[in-house]
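Novice: I am attaching a structure below and will ask some questions about it afterwards.
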Amino acid sequence: MESPTRRDQFINYPSPVQGPKTTYKYIPGTNPVLSGLPLTIASSLVTNLGPLAGLFWSNAGFGVLRKLDILNDYEPRYDPTVIPIGDEDHSTRNTSEIDHAGNHQSGIYNYGAAYRSNATTPRNVVEALLELIGKDTSKRHEFVSINDEEVIAAADASTQRHREGKPIGLLDGIPVAVKDEVHLRNHPQNLGSAQDFTKPQQDTTWCVRKWQEAGAIVIGKLNMHELGLDTSGNNPITGTPPNPQNPNFYPGGSSSASATTVSRGLLPLTLGCDGGGSIRIPSNYCGIYGLKPTHNRVGRSPATNIASSTSVIGPMARCMTDLELGYRVMAAPDIEGKGASAMFAPPRPMSKAGSNAASKKRVLGICRQWFDCADPPVLNLCHAALAHFESSGDYEIIDIDLPLLHEGQLAHALTILTEILPSATGSPHRFTAPTSLTLSVGARTTALDFLLAQKLRNLLMQHLSHLFHSHPGLLIVTPTTPNLGWKIGGPGELVRGLSDANMSVRSMTYVWLANFVGCPAISIPVGKAVDEGEGKGLGEVPVGLMAMGEWGDEGGLIEWGRVGEEYAMGGEEGGKMGRPADWVDVLEVAKGMR
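So for the sequence shown, the numbering used here puts the first residue at 375; every next one is plus one.
Listed below in structure tokens is the structure:
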């Protein structure tokens with residue numbers, strides 16, 4: 375029976391209806407892996423021959439939704455937006471309550487301390503960054519657009535505020551950067567491609583403006599996987615950023631450079647976009663923290679010409695303090711009314727302990743069959759981290775069931791590919807071979823299949839509503855990816871691109887659900903492991919643990935992330951993650967410029 379008390383706290387909350395009991399089994403993909411000249415030939419054939427594209431579509435298993443008779447019992451749900459209203463604090467955001475002073479991993483805290491002590495200035499920091507970026511942009515393929523004059527002007531203004539003892543807040547003078555997917559005034563928008571998607575007189579995306587209004591200095595736009603259509607970060611057009619943690623592996627995508635610039639210390643905070651794990655997968659591969667907010671909590675991703683029902687904007691950072699601060703500033707409601715984010719109240723300020731911490735333990739739910747399909751080195755690190763959560767005394771672990779996970783992942787893929795097609799106007803030939811291949815296959819989706827996917831979305835949302843009713847405060851925990859990194863196959867992949875749908879689907883095993891149902895999710899690093907299989911001898915790779923919460927429960931995820939950070943930073947020198955070999959201490963460089 376539906377609980378009116380629960381539903382009164384939300385707008386658009388799904389009915390709590392338990393889904394069917396199903397068994398999850400990982401099914402390895404059978405898609406051809408293509409790179410180099412074979413990829414170019416295959417892409418051309420598939421793009422020009424509709425029946426061949428249909429064969430690829432069928433081989434990917436997309437037709438499976440037609441076999442699910444249970445979907446006849448569900449109406450389609452096209453938008454997963456669920457808005458919390460009941461117990462939100464509608465007062466002005468108060469980021470000063472964030473416990474940052476004791477976290478010396480916080481780049482934001484360290485910058486602020488250096489400014490207050492006059493050890494350096496925002497102008498010095500910007501000059502140091504521009505010099506560092508100028509030395510290796512062509513090699514690292516991270517920044518795709520920088521407006522030096524605007525950056526220096528913003529740094530000078532921040533320097534003056536600090537000199538007068540009147541900084542705007544904790545973000546004043548902090549260098550940040552944003553994924554090329556979002557709008558940034560006076561910068562082109564290419565979406566990681568050779569095409570120009572810039573709109574006349576386009577304004578800066580709302581949440582980026584919030585960072586700027588808080589004094590943050592936006593250095594520029596960051597590289598991404600072309601159109602955001604894969605999870606490796608491979609980009610033969612704008613270059614593939616190397617993974618600072620291990621250059622033998624891809625950085626992850628599609629927010630590739632948003633992760634690498636944080637991972638190697640160049641920036642403490644960046645902005646990514648996440649339609650199918652594009653914040654959390656690169657955060658996982660690069661050993662940093664990434665938050666995918668509730669759908670529409672911080673506005674929509676502006677890249678597509680139509681509203682995306684899967685993509686959101688979120689922060690990526692080197693520690694939980696910086697991640698929380700970035701989120702709480704960017705999550706200010708869009709008072710101009712552009713999108714559903716205008717309906718969200720400001721997130722409640724929260725100390726380290728959490729202002730909404732319950733007196734009883736929070737529940738961590740694990741779907742065992744799903745969780746256990748990860749590689750053994752990933753499982754070992756994730757189980758060790760879970761033991762820390764249990765020993766903290768704040769969490770208990772229970773088993774939960776999640777229905778139709780294999781079919782749900784295919785439904786999510788159908789949805790995101792269909793929704794991006796209008797933004798890829800014209801011929802697929804405008805893009806690289808792997809992107810053209812993906813678009814051509816996605817275009818074979820019929821209206822019936824899209825409709826069935828939205829019915830399955832509703833089924834999953836109602837089942838999650840049932841779980842959240844049964845276990846208030848539930849967080850669903852999985853590894854971030856089941857695979858231990860994504861090994862680079864060779865230099866030919868970096869030059870001509872790569873199409874490996876099997877690995878793409880594998881890497882998205884866990885992340886897709888939060889996008890499809892609109893729930894918030896966070897990835898935190900929990901250690902490094904060595905691949906004893908094909909990657910043996912290539913060094914350690916970061917491993918991430920992910921939690922997905924109820925709609926609007928970013929606060930619960932942040933609390934959970936802080937406990938996980940204590941585990942990741944405890945014990946050995948520098949914590950379990952350490953610093954990459956090419957770590958850049960921008961503050962020390964800036965101090966030397968005084």
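For glycine and all other residues, C-beta sits at the position ideal for the given N, C-alpha and C.
(1) Return the residue from the list Ser873, Glu867, Pro406 and Lys861 that minimises the CA-CA distance to Asp905.
(2) When you compare the CB of Gly949 with every CB in chain D, is at least one pair closer than 8 Å?
(3) So, helix, strand or coil for Thr695, using DSSP?
(4) Helix, strand or coil for Asp604, going by three-state DSSP, please let me know.
(5) Which residue from Gly966, Val958 and Gly926 puts its Cα closest to that of Ile385?
(6) When burial is assigned at 16 or more other CB atoms within 10 Å of the CB, is Gly767 buried or exposed?
(7) Let's test the definition: count the other Cβ atoms within 10 Å of the Cβ of Pro541 and tell me whether it reaches 16, buried, or not, exposed.
(8) Is any heavy atom of the ligand NAD found at a distance shorter than 7 Å from the C-beta of Leu413?
(9) Just the C-alpha distance for Gly728 and Gly929, rounded to the nearest angstrom, thanks.
(10) Which of the three DSSP states, helix, strand or coil, is assigned to Ser971?
(11) Near Ile772, what residues of its chain come up, given a Cβ to Cβ distance below 8 Å and the 5 sequence neighbours on each side ignored?
(12) Determine the direct distance from the alpha carbon of Thr792 to that of Gly639, and round the result to whole angstroms.
(13) Roughly how many angstroms lie between the CA atoms of Lys584 and Arg742, to the nearest whole one?
(14) With 16 other CB atoms within 10 Å as the buried threshold, where does Ala527 fall?
(15) Determine which residues share a DSSP beta bridge with Val737 and list them.
(16) Pairing CB atoms from the stretch 691-700 with CB atoms from the stretch 600-615, are three or more of them under 8 Å?
(17) Sort out for me which residues DSSP pairs Lys441 with in a bridge.
(18) In angstroms, rounded to a whole number, what distance separates the CA positions of Leu784 and Phe824?
(19) Can you tell me whether Ser389 is helix, strand or coil according to DSSP?
(20) If you follow the alpha helix (DSSP H) that Ala903 is in, where does it begin and where does it stop?
(21) For Ser729, which three-state DSSP category applies?
(22) Starting from Pro853, trace the beta strand (DSSP E) both ways and give me its first and last residue.
(23) Per DSSP, what kind of secondary structure is Pro458 in: helix, strand or coil?
(24) Rounded to whole angstroms, what is the Cα-Cα separation between Ala731 and Trp934?
(25) Rounding to the nearest angstrom, what Cα-Cα distance links Arg467 and Ala706 in this structure?
(26) Should Ser629 be labelled buried (16 or more other beta-carbon atoms within 10 Å of its own) or exposed?
(27) Gln383 to Ile459, Cα distance in whole Å?
(28) Spell out a yes or no on whether the stretch 652-667 and the stretch 538-552 are touching, meaning 3 or more CB-CB pairs, one atom from each, closer than 8 Å.
(29) Tell me, to the nearest whole angstrom, how far the beta carbon of Ala817 is from that of Leu795; I am working on the premise that it is less than 8 Å.
(30) Alpha carbon to alpha carbon, how far is Leu811 from Pro425?
(31) In the structure shown, what three-state DSSP assignment does Cys747 receive?
(32) Taking 8 Å as the cut-off, decide whether the C-beta atoms of Ala827 and Asn405 are in contact.
(33) What residue range is occupied by the uninterrupted beta strand (DSSP E) comprising Lys965?
Specialist: Considering the structure as presented:
(1) Counted from its first residue, the sequence shown places residue 905 at position 531. Of the listed residues, the one whose Cα sits closest to Asp905 is Lys861.
(2) Here chain D cannot be found, since the structure has a single protein chain.
(3) One-based indexing of the sequence shown puts residue 695 at position 321. Helix at Thr695.
(4) To locate residue 604, count along the sequence shown from 1; it is residue 230. Coil, per DSSP.
(5) Taking the first residue of the sequence shown as position 1, residue 385 is located at position 11. Ranking the options by Cα distance to Ile385, first place goes to Gly926.
(6) Walking along the sequence shown from the start, residue 767 turns up at place 393. With fewer than 16 other beta carbons inside 10 angstroms of its own, Gly767 counts as exposed.
(7) The residue labelled residue 541 in the question sits at position 167 within the sequence shown. Classification of Pro541: buried, given that the 10 Å Cβ count is 16 or more.
(8) Ligands in the displayed structure: none, and consequently the ligand NAD is not present.
(9) Within the sequence shown, residue 728 is the residue found at index 354, counting from 1. Within the sequence shown, residue 929 is the residue found at index 555, counting from 1. Here Gly728 scores only 35 on pLDDT, less than 50, and its place in the model should not be relied on; the value that follows carries that caveat. Answer to the nearest angstrom: the Cα atoms are 7 Å apart.
(10) The structure shown does not extend to residue 971, since the chain spans only 375 to 968, so no value can be given for it.
(11) For the purposes of this step, residue 772 is taken as residue 398 along the sequence shown, with counting starting at 1. Answer for Ile772: Val737, Leu738, Gly739, Ile740 and His845, listed in chain order.
(12) Against the sequence shown, residue 639 aligns to sequence position 265. Against the sequence shown, residue 792 aligns to sequence position 418. Looking at the two C-alpha atoms, the distance is approximately 37 Å.
(13) Here residue 584 refers to the residue found at position 210 when the sequence shown is read from its first residue. Here residue 742 refers to the residue found at position 368 when the sequence shown is read from its first residue. Distance between the alpha carbons of Lys584 and Arg742 is about 40 Å.
(14) Within the sequence shown, the letter at position 153 stands for residue 527. Counting Cβ neighbours within 10 Å, Ala527 comes out exposed, since fewer than 16 surround it.
(15) As a working note, residue 737 is residue 363 in the sequence shown. The secondary-structure analysis by DSSP pairs Val737 across a beta bridge with Glu770.
(16) No, the stretch 691-700 does not touch the stretch 600-615.
(17) Along the sequence shown, one-based indexing puts residue 441 at 67. Lys441 pairs with nothing; no bridge assigned.
(18) Here residue 784 is taken as the residue at index 410 of the sequence shown, counted from 1. Here residue 824 is taken as the residue at index 450 of the sequence shown, counted from 1. If I take the Cα positions, the gap works out to 11 Å.
(19) For this step, residue 389 is matched to residue 15 along the sequence shown. Assigned with DSSP and collapsed to three states, Ser389 falls in coil, not helix or strand.
(20) Translated into positions along the sequence shown, residue 903 becomes position 529. According to the DSSP assignment, Ala903 belongs to no alpha helix (DSSP H) but to the beta strand (DSSP E) extending over Ala895 to Val904.
(21) Within the sequence shown, residue 729 is the residue found at index 355, counting from 1. Only weak support exists for where Ser729 lies, its pLDDT of 35 falling under 50; the coordinates are left without a value.
(22) Locating residue 853 in the sequence shown gives position 479, counting from the first residue. Element bounds for Pro853: Leu849 to Pro853.
(23) Here residue 458 refers to the residue found at position 84 of the sequence shown. Under the three-state reduction of DSSP output, Pro458 falls in the strand class.
(24) Here residue 731 is taken as the residue at index 357 of the sequence shown, counted from 1. Here residue 934 is taken as the residue at index 560 of the sequence shown, counted from 1. Confidence at Ala731 is low in this model, with a pLDDT of 41, below 50, so its placement is unreliable and no value can be given for it.
(25) Residue numbering aside, residue 467 sits at position 93 when the sequence shown is read from its first letter. Residue numbering aside, residue 706 sits at position 332 when the sequence shown is read from its first letter. Because Arg467 sits at a pLDDT of 42, beneath the cut-off of 50, its placement in the model cannot be relied upon, and the following sentence gives the value as read from the coordinates. Cα-Cα distance, rounded: 8 Å.
(26) Start at 1 with the first residue of the sequence shown, and residue 629 comes out as number 255. With 16 or more Cβ atoms within 10 Å of its Cβ, Ser629 is classed as buried.
(27) For the purposes of this step, residue 383 is taken as the residue at position 9 of the sequence shown. For the purposes of this step, residue 459 is taken as the residue at position 85 of the sequence shown. Approximately 5 Å between the Cα atoms of the pair.
(28) Between the stretch 652-667 and the stretch 538-552, the count of C-beta pairs closer than 8 Å stays below three; the two stretches do not touch.
(29) The residue labelled residue 817 in the question sits at position 443 within the sequence shown. The residue labelled residue 795 in the question sits at position 421 within the sequence shown. The C-beta distance from Ala817 to Leu795 rounds to 6 Å, short enough to meet the 8 Å contact threshold.
(30) Locating residue 811 in the sequence shown gives position 437, where the first residue counts as 1. Locating residue 425 in the sequence shown gives position 51, where the first residue counts as 1. So the alpha carbons of these two residues sit roughly 13 Å apart.
(31) Counted from its first residue, the sequence shown places residue 747 at position 373. Look at Cys747 here: in three-state DSSP terms it is coil, with no helix or strand label.
(32) Translated into the one-based positions of the sequence shown, residue 827 becomes position 453. Translated into the one-based positions of the sequence shown, residue 405 becomes position 31. No, the Cβ-Cβ distance between Ala827 and Asn405 is not below 8 Å.
(33) Position 591 of the sequence shown, counted from the first residue, corresponds to residue 965. From DSSP, Lys965 is part of no beta strand (DSSP E) but of the alpha helix (DSSP H) over Val960 to Lys965.
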